[in-house]
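Engineer: Chains as they are written, first to last, in the numbering used here: chain A, -16 to 534; chain B, 9 to 115; chain C, 2 to 169.
A virtual CB, placed ideally from N, CA and C, is assigned to each residue, including glycine.
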């Protein structure tokens, strides 16, 4: 993974000093809150429902064991002993003190971490495939480009006061594990007919009030021109994006109102002027960054012994965990191990400081020192020898990190909701806990199969409900929490926005409603059909009937 | 039901606070000054804005609360959660902040 | 309003004319795009230095062909959150080769100075009470820049090219 050189380190240190000065001026009163707010937002610091909330960047969801230990330390020293992993592969702390944040950031800087541009109307953390560099279907490791974009976008003087936030995601495979089509810019690395590697550039995806799937504005962009092209897109957006209405200020609205083709033409016209200029990196710099993402030194002779197979036969719980949480690695004998942060009845995406330390230790010992964060709020050990999986699993189980539910019903994406967020209209965590407890039986979840439930506490859709197979949106109906169900959303290369089934359900009825949807599916499914496939075949009508028939 | 209690966050540490009748700030909603009429609420809001201008608090606003028995309860769920901490989580709610200085005097 | 240019307070010799102000016969003036488009010949006939002020929603392309007529282009910030003029300044400098003064006017705060400067602004209408030391501190808060603009600052990729190749 990338390591800072003196320049990267200097920038982060200087930024902390700059922010420390801004906090001082705020505390002394020479900066008003209106002036300070955008500055603290550009350092990832929100004023939230209960306290300040700090969002620390985890660039393209990759971190080392040293960095994970620091996140644990931050939770203990500056917060209430836990953190929350988010749908943008970042981590959030819910209780930092403003006056301590500069010290917190200084500590983060010692391990090459920061909270730069994790909020504000600027380019945010670039997200990517959590299995990058470990998975067989990859054309090229997308994190190389995640890092290149990160540097280019950091303190970009022209794009720090955009009409709204700007989110970029990049994937290196056709299988989209980064939900690129619901991002402001989605980039898919692929080969053209001539075998050259470049990007499909998609613009204008997003969720929230007006969910939209991104449009392809360029089928193939040669790799070397990525930054100049992005600069063209951002410049058109900066100049033309709406600034009259906060709810119409994202680039998706601009693309929609301009028309994708006309928008693409504007970008191409701007790009033509700058593509031979200095913003694109020289090949040597690309190669330098690329070298940090070379595969770790894996043991080519390891193929997973019969020990592993025996364990699978003997230990049903271990076998279940391997079945749901473990994926094949590009290197035979190795595996990608998902760590579920969705224990039954737990708070999805939360981890205690102790749990973070345990994951750090496991990564150092068994995963070549690397950890990933997924946008589905789980963690990954990307490079584990199959022979070590049993030992890793035992340690995870002891730490309450061994839930075998990846991709199953219990593995819900859930925003913090009204329990934490001042934007929310309803709580989301208790709803997920109810559903989780209702479906606690692992055998039942396996019978149901792959099913993505995504829960948002408000229309901002941080829980990605629009692209859930079952999406749940919390709303406020006359002061009471109600929940609206959508069906058929998909986040991947088949991206689709879910459709509303009908009137919202009271908080006391939502878990029943979910169970009704699941039972309806089970009653209709053909052999081996996943929920989303059955829904595609039978449509919404059977679900509307069972959900609302008695009303 | 008009809005009758002023709440804000402490600027330095972000904790949720309520304006008391003595023009101090308490972490406990039960200590809040509850306005009896809208004129009193206007006076309270001015005190809140004053504290903002002095850099003690940030984000002062009015909420609706009811006096029940000998305590004060927020009308809206959102304000109730803000007063009591995240639901379903007993180990890490803001409750431990209350053990700190309970009253922050206005300067 | 106080004006900072090249790291010092300077006396502002320019008069900013509102659209309905009587046209001054003598002296350097700054006019709006609207006035420029309506009274171009009259303004040029004065024979005095001319400046133009663009609102944040006015495209710099509207004056791109006439840049040699202006000594000053003022770009307005109705709120510091409106970042359009950062792009306008870069286009004026880098696309259209404008070498006169680009002045930031309106809601211009200390914490924007560095980004404004990188984008090509060289004059800043600042708040009462702003200081030269505040200005200097703001523009030197960061000395590391990843991305090139039209300013002369050496970027990190350029520095990396100069650095000796690492042993590993």
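1. Give me the chain A residues within the contact set of residue 149 of chain C, using Cβ-Cβ distance strictly less than 7 angstroms, ordered along the chain.
2. Name the chain A residues that come within less than 8 angstroms of residue 83 of chain C, Cβ to Cβ?
3. CB-CB under 8 angstroms to residue 43 of chain C, same chain, minus the five flanking residues each way: which ones, in chain order?
4. Which residues in the same chain as residue 115 of chain B place their Cβ atom closer than 7 angstroms to its Cβ, once the five residues preceding and following it in sequence are excluded?
5. Quick one: which residues of the stretch 69 to 94 of chain B get their C-beta closer than 9 angstroms to a C-beta of chain A? List them in chain order.
6. Which residue marks the beginning of the beta strand (DSSP E) containing residue 125 of chain A, and which one marks its end?
7. For a contact defined as C-beta to C-beta under 8 angstroms, what are the partners of residue 82 of chain A on chain B?
8. Who are the Cβ neighbours of residue 17 of chain A in its own chain at under 8 angstroms, not counting the five residues just before and after it?
9. Tell me the residue span of the beta strand (DSSP E) that contains residue 36 of chain A.
10. List the endpoints of the continuous alpha helix (DSSP H) containing residue 133 of chain C.
11. Helix, strand or coil, according to DSSP, for residue 74 of chain B in the structure here?
12. Would you report the Cα separation of residue 364 of chain A and residue 355 of chain A, rounded to the nearest angstrom?
13. What's the C-alpha gap between residue 488 of chain A and residue 439 of chain A?
14. Round the Cβ separation of residue 195 of chain A and residue 235 of chain A to the nearest angstrom and send it over; I've been treating them as touching at under 8 angstroms.
15. Can you check which of these residues, A/225, A/76, A/263, is closest to residue 214 of chain A by C-alpha distance?
16. Residue range of the alpha helix (DSSP H) that residue 61 of chain A falls in?
17. Relative to the C-alpha of residue 29 of chain B, which candidate in B/14, B/58, B/82, B/76 has its C-alpha closest?
18. Would a C-beta distance cut-off of 7 angstroms place residue 103 of chain C and residue 122 of chain C closer than the cut-off?
19. Taking C-beta pairs closer than 7 angstroms, name the residues in chain D that residue 139 of chain A reaches, listed in chain order.
20. What residues in its chain sit with their C-beta under 7 angstroms from that of residue 141 of chain C, if we drop five residues either side in the sequence?
21. For the stretch 396 to 419 of chain A, list every residue whose C-beta sits within 7 angstroms of some C-beta in chain B, in sequence order.
22. So which of A/72, A/85, A/399 has the shortest CA-CA distance to residue 57 of chain A?
23. For residue 140 of chain A, which of C/41, C/146, C/49 has the nearest alpha-carbon?
24. Would residue 517 of chain A and residue 507 of chain A qualify as a contact pair, given that the criterion is a beta-carbon distance under 7 angstroms?
25. If residue 116 of chain C and residue 87 of chain C are in contact, beta carbons under 8 angstroms, what's the gap, nearest whole angstrom?
26. DSSP on residue 486 of chain A, reduced to helix/strand/coil?
27. Which residue comes first and which comes last in the beta strand (DSSP E) that contains residue 339 of chain A?
28. Short of 8 angstroms in beta carbon distance, which residues of its chain neighbour residue 163 of chain A, apart from the five on each side in sequence? Order them along the chain.
29. Would you say residue 476 of chain A and residue 248 of chain A are within 7 angstroms of each other, going by their C-beta atoms?
30. Residue 337 of chain A and residue 409 of chain A - do their beta-carbons sit closer together than 7 angstroms?
31. Assess contact between the stretch 368 to 383 of chain A and the stretch 341 to 354 of chain A, defined as three or more Cβ pairs (one per stretch) separated by less than 8 angstroms. Is contact present?
32. Mind pulling the alpha helix (DSSP H) runs of 4 or more residues that sit fully within the stretch 223 to 259 of chain A?
33. Let me know the secondary structure DSSP gives residue 152 of chain A once reduced to three states.
34. Considering only DSSP beta bridges, list what residue 453 of chain A is partnered with.
35. In chain order, what are the residue ranges of uninterrupted alpha helix (DSSP H) at least 4 long that sit wholly in the stretch 14 to 102 of chain B?
36. Between B/76, B/60, B/50, which lies nearest to residue 12 of chain A when the distance is taken from Cα to Cα?
Structural biologist: Considering the structure as presented:
1. 261, 262
2. 144, 226
3. Correct list, in chain order: 24.
4. Any reading at residue 115 of chain B needs caution, since the residue's pLDDT is 32, under 50, leaving its predicted position unreliable; the model's value is listed next. Counting only Cβ-Cβ distances below 7 angstroms, and skipping sequence neighbours, we find 62, 64.
5. 83, 84, 85, 86, 89, 90, 93, 94
6. Note, residue 125 of chain A: premise wrong, no beta strand (DSSP E); alpha helix (DSSP H) at 125 to 136.
7. 20, 21
8. none
9. Judged by DSSP secondary structure, residue 36 of chain A falls within the beta strand (DSSP E) whose first and last residues are 35 to 39.
10. Residue 133 of chain C -> alpha helix (DSSP H) spans 133 to 140.
11. If DSSP states are grouped into helix, strand and coil, residue 74 of chain B belongs with the strands.
12. Straight-line measurement puts the Cα of residue 355 of chain A at about 7 angstroms from the Cα of residue 364 of chain A.
13. 14 angstroms
14. 5 angstroms
15. A/263
16. 48 to 61
17. B/14
18. yes
19. Protein chains A, B and C are contained in the structure displayed, whereas chain D is not.
20. none
21. Residues 401, 402, 403, 410, 412, 413, 416.
22. A/85
23. C/146
24. yes
25. 7 angstroms
26. The answer is coil: DSSP assigns residue 486 of chain A none of H, G, I, E or B.
27. Boundaries around residue 339 of chain A are those of the alpha helix (DSSP H), 336 to 349, since no beta strand (DSSP E) includes it.
28. 152, 153, 154, 169, 170, 171, 185, 188, 197
29. Residue 476 of chain A is not a Cβ neighbour of residue 248 of chain A, given a cutoff of 7 angstroms.
30. no
31. Under the 8 angstroms Cβ criterion, the stretch 368 to 383 of chain A counts as touching the stretch 341 to 354 of chain A, having at least three qualifying pairs.
32. 234 to 241, 243 to 257
33. Of the three classes helix, strand and coil, the one that applies to residue 152 of chain A here is strand, per DSSP.
34. A/436, A/470
35. 46 to 61, 85 to 92
36. B/60
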